[in-house]
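Student: Counting from 43, one number per residue, gives the positions in the sequence shown under the numbering used here. Next up is a structure, given as structure tokens.
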Amino acid sequence: MQFKAGKCADCGTAIAARHGERLCSECAVKERAAVAAVKSAVFDRFKITIPEIAAAARLPKSTVQRIVRQFPSLADVVPHEVLCLRCRKRPTVERSDYCEECRFELNLEIQAAAKELLPKVQDQVMRQLGHGTGVPGRVAESLNEKRRRASISRLDPTPKGKYSG
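Dropping the structure here:
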């Protein structure tokens, strides 16, 4: 049985990372106690804002916010602001990971990239289609090769012989 070495995400001590564990045993106990304190503050004492929960659980606001984001049952009950993934300054728009300003900037960047790539893609498609013949490039090339090798009489589809009259 092989163990992967890792570091505790909180204190940085070396641990044997088994089954995706990210905390050492001491930090895991502290984390479980913090989660229990936050859940108790929300469900037993009916605290619903981050500052109220932090005061009742005697934890920093950042820890409470992290715990609320981790557990969907808490995230549904406690109103919390999720910061933009890009700028980490402004709250996100509903059902998005970005704020309005960053979404606008990202859309502008995507639009500029699309304008830059459009001629390249159109050129590549035209090459694949056989320069406007409407037949894919490989098929058009193979037909032209066959036409060069075969005489015109071999491609004549009219019947000759017993049915001609």
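For each residue, glycine too, the CB sits at the ideal point set by N, CA and C.
Which term fits Ile-90, buried or exposed, when burial requires 16 or more other beta carbons within 10 angstroms of its beta carbon?
Tutor: Within the sequence shown, numbered from 1, the residue matching residue 90 stands at position 48. Result: exposed.
Student: Less than 9 angstroms separating the beta-carbons of Pro-133 and Cys-141?
Tutor: Mapped onto the sequence shown, residue 133 falls at position 91. Mapped onto the sequence shown, residue 141 falls at position 99. For Pro-133 and Cys-141, yes; Cβs fall inside 9 angstroms.
Student: Looking at C-alpha atoms only, which residue of His-122, Glu-147, Ala-47 is the closest neighbour of Glu-136?
Tutor: On the sequence shown, residue 136 is found 94 positions in, with the first residue counted as 1. Ranking His-122, Glu-147, Ala-47 by Cα distance to Glu-136 puts His-122 first.
Student: Beta-carbon separation of Arg-108 and Ala-117 under 9 angstroms?
Tutor: Sequence index remark: in the sequence shown, residue 108 carries index 66 (1-based). Sequence index remark: in the sequence shown, residue 117 carries index 75 (1-based). No, they are not a contact pair.
Student: Is the CB-CB distance between Lys-72 and Asp-52 below 9 angstroms?
Tutor: Here residue 72 is taken as the residue at index 30 of the sequence shown, counted from 1. Here residue 52 is taken as the residue at index 10 of the sequence shown, counted from 1. In this structure, Asp-52 lies closer than 9 angstroms to Lys-72 by Cβ.
Student: Only counting the same chain, and skipping five residues up and downstream in sequence, which positions put a Cβ closer than 6 angstroms to that of Val-77?
Tutor: Translated into positions along the sequence shown, residue 77 becomes position 35. Hits under 6 angstroms: Ile-109.
Student: Mind checking whether Ile-95 and Val-120 have CB atoms under 9 angstroms apart?
Tutor: Here residue 95 refers to the residue found at position 53 when the sequence shown is read from its first residue. Here residue 120 refers to the residue found at position 78 when the sequence shown is read from its first residue. Yes, these two residues count as a Cβ contact at 9 angstroms.
Student: Counting only the same chain and skipping the five closest in sequence on each side, list residues whose C-beta sits under 8 angstroms from that of Ala-99.
Tutor: The residue you call residue 99 lines up with position 57 of the sequence shown. Excluding sequence neighbours, Ala-99 sits near Ala-76, Ala-79, Val-80, Ser-82, Ala-83, Val-106.
Student: Quick one: what's got a C-beta closer than 7 angstroms to Arg-64's C-beta in the same chain, skipping five residues either side?
Tutor: Here residue 64 corresponds to residue number 22 of the sequence shown, with the count starting at 1. So the list reads Ala-51, once near-sequence residues are dropped.
Student: Assuming Lys-49 and Ala-56 form a contact by the criterion Cβ under 8 angstroms, report the distance between their Cβ atoms to the nearest whole angstrom.
Tutor: Locating residue 49 in the sequence shown gives position 7, counting from the first residue. Locating residue 56 in the sequence shown gives position 14, counting from the first residue. So it is a contact: roughly 6 angstroms between Cβ atoms.
Student: Go ahead and label Leu-150 buried or exposed: buried means 16 or more other beta carbons lie within 10 angstroms of its beta carbon, across all protein chains shown.
Tutor: In the sequence shown, residue 150 corresponds to position 108, counting from 1. Counting Cβ neighbours within 10 Å, Leu-150 comes out exposed, since fewer than 16 surround it.
Student: The alpha helix (DSSP H) spanning Lys-131 covers which residue range?
Tutor: In the sequence shown, residue 131 corresponds to position 89, counting from 1. Careful: Lys-131 lies outside any alpha helix (DSSP H) and carries neither H nor E.
Student: Would you check if the distance between the CB atom of Leu-148 and the CB atom of Arg-128 is smaller than 9 angstroms?
Tutor: Counting from 1 along the sequence shown, the entry for residue 148 is found at position 106. Counting from 1 along the sequence shown, the entry for residue 128 is found at position 86. Going by C-beta atoms, Leu-148 is nearer than 9 angstroms to Arg-128.
Student: Within its chain, find whatever has a CB closer than 8 angstroms to the CB of Leu-159; leave out the 5 residues flanking it on each side and keep chain order.
Tutor: As a position in the sequence shown, residue 159 is number 117, starting the count at 1. So the list is empty, once near-sequence residues are dropped.
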